[in-house]
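Going by the numbering used here, the sequence shown opens with residue 1, and the numbers climb by one from there.
Yeah, the Cβ is synthetic: ideal placement off N, Cα and C, and Gly gets one too.
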Amino acid sequence: MIRQVVAYIFRKKGKVILISEFVFALSLDLKWFSPDQAESILTNAEKQGLVRIIDDMVEPLFDIHSIEIPIDFRPDQSIFVEKTVFDQVIERLSGVKSKQEILRQINENQERLGIVEPDAVALLVARMYRIDVADLIDEAYNRLIR
């Protein structure tokens, strides 16, 4: 859903916008979120590799027109539920393969390699498709050693 929100904003506002424009669009223009929530969405979008923030500018790092957004689109509060590393990898891979195919490949590699931790296998499969998951490696490692 966060990908849809980001795509929606950039379709309305343009390719590169000010951070304040992003926050105002979500909070004041659309009235979807509070300003604090809008900033949280922007932070999460950056963590997920959906946007790049340079100085006070934000730009999308994916094709905003490849995302399907329903006419009556309105995000709900579930956007604030923290996704696991596994979920984030699946989401990133969904642009390359179907979810069913991704899960099949993860299961096959898990059995073949004898790796128990699903996050680790998901990260390996993502790398096979040259999907950037570098930002998720530390989080997966920290979960593993807890």
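Query	Result
Is the distance from the Cβ of Ala38 to the Cβ of Val23 below 7 Å?	yes
According to DSSP, which residues form a beta bridge with Ile17?	Val58
Among Tyr141, Ile79, Arg11, which one has its Cα closest to the Cα of Ile2?	Ile79
My parser needs the alpha helix (DSSP H) runs of 4 or more residues fully inside the segment 23 to 47; what are they?	35 to 47
Could you tell me whether the Cβ atoms of Phe33 and Leu42 are closer together than 7 Å?	no
Using C-beta distances below 7 Å, list every residue in its chain close to Tyr129, excluding the 5 sequence neighbours before and after it, in chain order.	Leu93, Val96
Counting Cβ pairs, one atom from each stretch, are 3 or more of them under 8 Å apart for the segment 96 to 109 and the segment 51 to 65?	no
Let me know the secondary structure DSSP gives Ile53 once reduced to three states.	strand
For the alpha helix (DSSP H) that Tyr141 lies in, which residues bound it at each end?	134 to 145
Using three-state DSSP, classify Phe86 as helix, strand or coil.	helix
Over the uninterrupted alpha helix (DSSP H) stretch that includes Pro118, give me the two end residues.	118 to 128
Are Ile137 and Ala122 touching if we call contact CB-CB under 7 Å?	no
Pick from Leu103, Tyr8, Leu113: whose alpha carbon is nearest that of Ser66?	Tyr8
Using the three-state DSSP reduction, which class does Ile67 fall into: helix, strand or coil?	coil
For Phe73, which three-state DSSP category applies?	coil
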